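Have a look at the structure below before the remarks.
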Amino acid sequence: MSFGPGKLLPFIKLMLITNGVMFFAQYFYPALTGALGLTPAAFFNQFPNLLYQPFTYMFLHGGFGHIFFNMFALWMFGTEIEASFGTKSFGKFYILAGLSGAFLTLIVNSSQPYPMIGASAAIYGLLVAYWIMFPNRHLYIYFLFPVKVKYAIPGMMILGFLFSGGHVAHWAHLGGALFGLAYLKLDLRWIKLGRKIKDYKYQRQSAKLEKNRVKAEEIMKRVDEILDKINQVGIDNISKADRKFLEEASTHLADKNIKD
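Here is the structure:
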């Protein structure tokens, strides 16, 4: 199989350019790593002055290998996901996966004194999404051995955890992966929460209007029956129950007209 079919999609292209520009900026201005990377200890000590760091850290990298493999994975796995989600939703998914990695790191390693950088949390969220969406696709290990995605991606994550060197942001990776799992496997679509709330309110309002319409139709049907009876026997000969119903119906319809 082939990955990344056709031209680069908009968000992936934007991320490749942004991360590339920031990588070269780090080379000429090394202080950017400390300023824009996420340093949990400084984040809490200087709160709220560094609130931007959980966002900016994911656009910095620690070396050519770091940025190459992250951007290669973004293109390799992200193309089909962006095509499926749409550019706007995929962009939100990617950023929120990165933020989830940052927040889990802040919770677990609040005293960490050195900066965390890299798009790996977002990439791990993307890998989990691909694992869920395309489990039976094949990856070619070393371009030779086909392995199904449902086995290959968990294997890659486990090997990355077991054989990575020091100062690897495992909690960030886990945070991104958990976000990807929650977003797709558990169908926790926080991104569309506002739309869901509006839809829920609209459905409740529609149901209430329909209920009122049915009730009004029932009242008018009974009123018509009583009026027919009045035409036949005269108003003095209808029952007290019918007379009371006419009075209540008149009051109800008058109130409804005032509110409308």
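In my numbering, the protein residues as written are 12 to 271.
For glycine and all other residues, C-beta sits at the position ideal for the given N, C-alpha and C.
All values derive from a computational prediction rather than experimental measurement.
Could you give the distance in angstroms between the alpha-carbon of residue 42 and the alpha-carbon of residue 62? 18 Å
- Over the uninterrupted alpha helix (DSSP H) stretch that includes residue 32, give me the two end residues. 21-39
Q | Contacting residues, own chain, Cβ-Cβ under 8 Å from residue 55 (five flanking each side not counted) | A | 117, 121
- request: Please list the segments of the beta strand (DSSP E) lying wholly inside the segment 43-130, counting only runs of 3 or more residues, in order along the chain.
  value: none
**Request:** Return helix, strand or coil for residue 249, following the three-state DSSP convention.
**Result:** coil
Checklist entry - Near residue 271, which residues of its chain fall below 6 Å by C-beta distance, leaving aside the five closest residues on each side in sequence? => result Its pLDDT being 49, under 50, residue 271 is placed unreliably in this model, and the value from its coordinates should be taken loosely. Excluding sequence neighbours, residue 271 sits near nothing in its chain.
message = Going by DSSP, what residue range makes up the alpha helix (DSSP H) through residue 193?
response = 181-195
| field | Cα-Cα separation, residue 69 to residue 157 | value | 31 Å
Inset, instruction - Mind the definition here: the segment 126-135 touches the segment 75-92 only if three or more C-beta pairs lie below 8 Å; say whether that holds. - result: yes
Quick one: grab the DSSP three-state call for residue 18.
coil
By Cβ distance below 6 Å, which residues in the same chain neighbour residue 13 in space, the five residues on each side in sequence not counted? Note on residue 13: pLDDT 43, under 50, position unreliable in the model; the coordinate value appears next. Contacts found: none.
Exercise. Work out the CA separation of residue 87 and residue 173 for me, nearest whole Å.
Key: 23 Å
Mind checking residue 149: buried by the 16 CB within 10 Å criterion, or exposed? exposed
Measure the alpha-carbon distance for residue 19 versus residue 180 and round it to whole angstroms. 28 Å
- Is it true that the segment 104-117 meets the segment 134-143, where meeting means three or more beta-carbon pairs spaced less than 8 Å apart? yes
**Request:** Please list, in chain order, all residues of the same chain as residue 168 whose beta carbon is under 8 Å from its beta carbon, the five residues on each side excluded.
**Result:** 135, 138, 184, 188
Fill in: Selection from 237, 262, 51, 186 that minimises the alpha carbon distance to residue 250
237
Original post:
Where does residue 145 fall in DSSP's three states?
Top reply: coil
For residue 220 and residue 235, I'd like the C-alpha separation in whole angstroms. 22 Å
Query raised in the report: Around the Cβ of residue 225, are there at least 16 other Cβ atoms within 10 angstroms (buried) or fewer (exposed)?
Result: exposed
inquiry  = I need the straight-line Cα distance from residue 23 to residue 98, nearest angstrom please.
reply    = 9 Å
* **Best match in 64, 161, 66, 108 for proximity to residue 85 [C-alpha to C-alpha]** => 108
**Prompt:** So, residue 186 versus residue 115, is the Cβ gap smaller than 7 Å?
**Reply:** yes
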